[in-house]
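If you use the working numbering, the sequence shown corresponds to residues 38 to 328, in order. We put the beta carbon where it would ideally sit given N, CA and C, even for glycine. Here is the structure we will look at, set down as structure tokens.
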Amino acid sequence: MTLEKRELSTGAAGDVYETRSCAVSLRNVSKRYRKGSREVRALNHVDLTIRAGERLALIGESGSGKSTIGKLVLAQIQADEGEVDVLGTRSLTKAERSRELARRVGFVFQQPFDSLDPRMKIGSSLAEPLRIHRRDLSKAETAELVSDGLAAVGLPRDFASRYPGQLSGGQAQRACIARALILQPDLLILDEPTSALDATSQREVLRLLCDLHSAREIAWLFITHDLRVAEAITDTTAVLRHGDLVEYGPTLEVLGNPRTDYARRLIDASFSSGLHGAEPAPVLVPGAVAL
Numbered sequence: 038m039t040l041e042k043r044e045l046s047t048g049a050a051g052d053v054y055e056t057r058s059c060a061v062s063l064r065n066v067s068k069r070y071r072k073g074s075r076e077v078r079a080l081n082h083v084d085l086t087i088r089a090g091e092r093l094a095l096i097g098e099s100g101s102g103k104s105t106i107g108k109l110v111l112a113q114i115q116a117d118e119g120e121v122d123v124l125g126t127r128s129l130t131k132a133e134r135s136r137e138l139a140r141r142v143g144f145v146f147q148q149p150f151d152s153l154d155p156r157m158k159i160g161s162s163l164a165e166p167l168r169i170h171r172r173d174l175s176k177a178e179t180a181e182l183v184s185d186g187l188a189a190v191g192l193p194r195d196f197a198s199r200y201p202g203q204l205s206g207g208q209a210q211r212a213c214i215a216r217a218l219i220l221q222p223d224l225l226i227l228d229e230p231t232s233a234l235d236a237t238s239q240r241e242v243l244r245l246l247c248d249l250h251s252a253r254e255i256a257w258l259f260i261t262h263d264l265r266v267a268e269a270i271t272d273t274t275a276v277l278r279h280g281d282l283v284e285y286g287p288t289l290e291v292l293g294n295p296r297t298d299y300a301r302r303l304i305d306a307s308f309s310s311g312l313h314g315a316e317p318a319p320v321l322v323p324g325a326v327a328l
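What follows is the structure in structure tokens.
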């Protein structure tokens, strides 16, 4: 099912990102899996674009196709139909594409402690991508970038000598964000980056992400089930259901004027429950609405 991207109903001068280069492009993409003798279609002819600097929220329940799109963007799987182009790498060989994406795409996952080696100090975890992709750097230059990376996410520089087990959940996720940004990527994939955190840490991490985006506009693929988060920090929202793209457009337009009953149910469930089932005190995230 193909779906045209919606525009703001106010007749505003179009999407600010429309003239920018394309970071991610999915054209008529379908993906199927086999479960025994049964074929399951994970994506149905999806068209989706993320432009440079654009923050796109990918919304949907479990099994909607969100993770499949994430894997396609990371080139972990291949589409059965259609075209996937990430940062202009489609024409490269598989090996070349993997190297290029590893350097230019950062990712932050749901469970920070699963992403950090418990036997490796935080500084070593941050330095690892630099050792692989920036072999021109001296040890002193690498150490300086690690120190600057920690400072950028609000962690003391001496955290480089700590182990993951010595950090709180929010601190560990900040360290994961620092590592994801250490190579100055052009695309950041965030897969439920706050859902495993307590409400206070969620707000802090969301503020941090907004501040980082203001400092350097990186394209986002923000995978989440929480529409409150999408409303607060993203520009564009795409809603998936059973592999179909059922809503797609500016976040405030999609959430404020949903066209499908499915999207309305998601919105009602998300906005009535609050974060972790409790209504938090309103928090203003820079450039967005109250969270």
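For residue j and residue i, the rounded distance between their alpha carbons
i           : j           : result
residue 48  : residue 106 : The predicted position of residue 48 is uncertain, since its pLDDT is 38 and thus under 50; a value taken from the coordinates is nonetheless stated next. For residue 48 and residue 106, the distance between alpha carbons rounds to 30 Å.
residue 132 : residue 238 : 38 Å
residue 76  : residue 68  : 10 Å
residue 140 : residue 222 : 7 Å
residue 79  : residue 195 : 45 Å
residue 285 : residue 127 : 24 Å
residue 56  : residue 149 : 35 Å
residue 288 : residue 214 : 24 Å
residue 308 : residue 301 : 11 Å
residue 185 : residue 86  : 32 Å
residue 295 : residue 262 : 16 Å
residue 147 : residue 97  : 16 Å
residue 180 : residue 253 : 22 Å
residue 280 : residue 81  : 5 Å
residue 62  : residue 89  : 11 Å
residue 245 : residue 188 : 12 Å
residue 161 : residue 290 : 43 Å
residue 116 : residue 135 : 16 Å
residue 331 : residue 193 : No statement about residue 331 is possible, as the shown extent of the chain runs from 38 to 328 and does not include it.
residue 125 : residue 58  : 10 Å
residue 151 : residue 71  : 28 Å
residue 74  : residue 114 : 21 Å
residue 177 : residue 168 : 12 Å
residue 172 : residue 199 : 24 Å
Helix, strand or coil at residue i [DSSP, three-state]
i           : result
residue 217 : helix
residue 118 : strand
residue 131 : helix
residue 164 : helix
residue 268 : helix
residue 231 : coil
residue 182 : helix
residue 280 : coil
residue 195 : helix
residue 293 : helix
residue 309 : helix
residue 143 : strand
residue 285 : strand
residue 126 : coil
residue 408 : A question about residue 408 goes unanswered here, because the residues of the chain that appear run from 38 up to 328.
residue 92  : strand
residue 138 : helix
residue 204 : coil
residue 188 : helix
Residue range of the unbroken alpha helix (DSSP H) whose run includes residue i
i           : result
residue 246 : 236-252
residue 68  : Where residue 68 is concerned, there is no enclosing alpha helix (DSSP H), although the beta strand (DSSP E) it sits in stretches over 59-72.
residue 151 : 149-152
residue 173 : Segment: none, residue 173 is in no alpha helix (DSSP H) and carries neither H nor E.
Proximity below 7 Å, CB of residue i to CB of residue j
i           : j           : result
residue 183 : residue 211 : no
residue 138 : residue 112 : yes
residue 277 : residue 103 : yes
residue 260 : residue 228 : yes
residue 234 : residue 206 : yes
residue 220 : residue 155 : no
residue 247 : residue 226 : no
residue 145 : residue 230 : yes
residue 283 : residue 297 : yes
residue 272 : residue 92  : yes
residue 243 : residue 268 : no
residue 60  : residue 224 : yes
Extent of the continuous beta strand (DSSP E) to which residue i belongs
i           : result
residue 56  : Where residue 56 is concerned, there is no enclosing beta strand (DSSP E), given that its DSSP letter is neither H nor E.
residue 83  : 75-88
residue 109 : Counting along the chain, residue 109 falls outside any beta strand (DSSP E), though it belongs to the alpha helix (DSSP H) covering 103-110.
Cβ-Cβ separation, residue j to residue i (assumed contact under 8 Å), whole Å
i           : j           : result
residue 129 : residue 121 : Actually they do not touch by this definition, with Cβ atoms about 12 Å apart.
residue 100 : residue 64  : About 23 Å; that fails the 8 Å criterion.
residue 217 : residue 143 : 3 Å
residue 209 : residue 153 : 6 Å
residue 264 : residue 303 : 6 Å
The ligand SAH heavy atom lying under 6 Å from the CB of residue i
i           : result
residue 264 : With respect to small molecules bound, the structure shown includes none, and the ligand SAH cannot be examined in it.
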